[in-house]
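Colleague:
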Amino acid sequence: DYSRRRGVRSLVNSEGTEEFTLILNDLFDAMNRRFPDEGIVKRSPDLAILKRGVEWLDNWEKELESGAIIKDMFLTKTTSEGLRVTLRSTRELSELLLEKYNFRFVLTSKMNQDPIERFFGKIRMAGQSERPPIDAHIPPAVPDVEYVQYSEAPKIWNCRVVEERNLYLTHQ
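Quick note, the sequence shown lines up with residues 1410 to 1581 if you use this note's numbering.
1. Take LEU1516 as the anchor and find which of TYR1411, ASP1438, LEU1433, ASN1434 has the nearest alpha-carbon.
2. Jot down the residue ranges of each uninterrupted beta strand (DSSP E) in the stretch 1453 to 1498, minimum 3 residues, whole runs only, in chain order.
3. Classify ARG1500: buried if its beta carbon has 16 or more other beta carbons within 10 angstroms, exposed otherwise.
4. Below 8 Å, can you find three or more Cβ-Cβ pairs linking the stretch 1463 to 1474 to the stretch 1445 to 1455?
5. Please tell me whether ARG1442 and SER1518 are closer than 8 Å, where the distance is taken between their beta carbons.
6. When the Cα atoms are used, what is the spatial distance from ARG1414 to LYS1471?
7. Terminal residues of the continuous alpha helix (DSSP H) containing ASP1438?
8. Would you mind stating whether LEU1436 and GLY1462 have Cβ atoms separated by less than 8 Å?
Below you can see the structure in the form of structure tokens.
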């Protein structure tokens, strides 16, 4: 914005690029919460950012469908669908863990596809079903991911003690 006001010619009509960059930056931050102090909590602004990200993507796609932009100005169908699923599922899973299972925070950086697929694969195997799991299937699996208290980390577990009596399980 500053450079445009100063008359930098190469930035004429760059507002759309600026908006795109700011939205992706906010989404990237919301999807990469790594530490408890920055984790998503109830009523976190990151939940609204994830919701707005889906709305922004939907509106952008409507511009393509209406002919306001050409195909090269939008994502591929696979990429847009994948991004939409990622944003929605991250928000919905975070809300479920915070509201129904009373997690204190959610670290979204841990939500990449491979561990999530393994996690839900185990739930499907336990339920002997190929259908997508519903939240009723989650309670038996929650001990694998929930916050627990110990004075020290058991040697056989994949975890670390952050502060005395607080143990955070991680998946590697």
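Positions of the beta carbon are idealized from the N, C-alpha and C atoms, including for glycine. A quick note: this is a predicted structure, and the numbers were derived from the prediction, not measured.
Modeller: The short version:
1. ASP1438
2. none
3. buried
4. no
5. yes
6. 31 Å
7. 1424 to 1440
8. yes
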